[in-house]
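First residue of the sequence shown? That's 1 in the numbering used here, and the numbers climb one at a time after it.
Virtual Cβ for every residue (Gly too), placed ideally from N, Cα, C.
A quick write-up on the structure given underneath.
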Amino acid sequence: MGNEPLEGGKTPASASPRDPCPRCGTENDGQQACARCGLAREHREKFATDTALPAGLAEHWDAVLAAWDDPAPHAIFIESCAQAQALDLAAARYRALRADPARAERCARSLDRIVALAEAGLAKTSSGAEKVVRNRRIIFALALVVMLAFLSFVAWAVLSR
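Here you go:
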């Protein structure tokens, strides 16, 4: 069940002009590409196959669907997706179901959690820029020490004549 296209077996090829975009959920109104995310109508089917969950995550998603009102399977699924770097796939699953009024609240909470985890992951990777700045400072300090040592040697050589 977790490896099926996003809308439970409904393939993008059979989509009507008003079907929501499988990537972001925006109504297309017969447009050739999604106005929000730019996914072209002819690429919807490929997007659906590219967003198939790996086996382990698919099992967790099936557990979420089986016990929708229980927060534990949602947490396990989202954390597993975070560890597998597949938060985009988790978000796609929840976005596809948020139009259902019975599931909208849980989808919103889960999407908020997914966004928070994605932002935390970005914050971890952005620390690389700080390392580059720190490394530049260290290199500058070492170059300054070498230059001062060289100038001291030259001054000693000139003055000792």
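Residues bridged to residue i [DSSP beta-bridge criterion]
| i | result |
| --- | --- |
| P71 | DSSP lists no partner for P71. |
| A40 | A33 |
| P20 | E27 |
Contacts around residue i, its chain only, beta-carbon distance under 8 Å, and the 5 residues preceding and following it disregarded
| i | result |
| --- | --- |
| A92 | L6, P22, R23, T51 |
| R36 | C21, C24, T26 |
Alpha carbon of residue i to alpha carbon of residue j, nearest angstrom
| i | j | result |
| --- | --- | --- |
| K124 | A90 | 20 Å |
| A58 | R106 | 19 Å |
| E42 | C34 | 11 Å |
| I114 | A67 | 19 Å |
| R98 | V132 | 42 Å |
| G56 | D88 | 16 Å |
| A40 | T49 | 15 Å |
| R44 | A72 | 32 Å |
| L122 | R134 | 20 Å |
| S80 | A120 | 15 Å |
| P101 | F140 | 60 Å |
| F153 | L159 | 10 Å |
| R137 | W156 | 28 Å |
| R161 | V145 | 25 Å |
| Q32 | L142 | 58 Å |
6 Å CB neighbourhood of residue i in its chain, flanking five on each side removed
| i | result |
| --- | --- |
| H74 | V64, S110 |
| M1 | A caution first: M1 carries a pLDDT of 49, below 50, which makes its placement in the model too unreliable to give a value. |
| Y94 | C107, S110, L111 |
Supposed contact pair residue j and residue i - C-beta distance, whole angstroms, cut 8 Å
| i | j | result |
| --- | --- | --- |
| W61 | F77 | 6 Å |
| A96 | P54 | Between P54 and A96 the Cβ distance is about 18 Å, and since that is not below 8 Å, they are no contact. |
7 Å Cβ shell around residue i - same chain, five flanking residues per side excluded
| i | result |
| --- | --- |
| A82 | L117 |
| A86 | L57 |
| A104 | R98 |
DSSP-derived helix/strand/coil call for residue i
| i | result |
| --- | --- |
| S152 | helix |
| A102 | coil |
Heavy atom of the ligand NAP within 7 Å of residue i beta-carbon
| i | result |
| --- | --- |
| A67 | Within the structure as shown, the ligand NAP is missing, as the structure has no ligands at all. |
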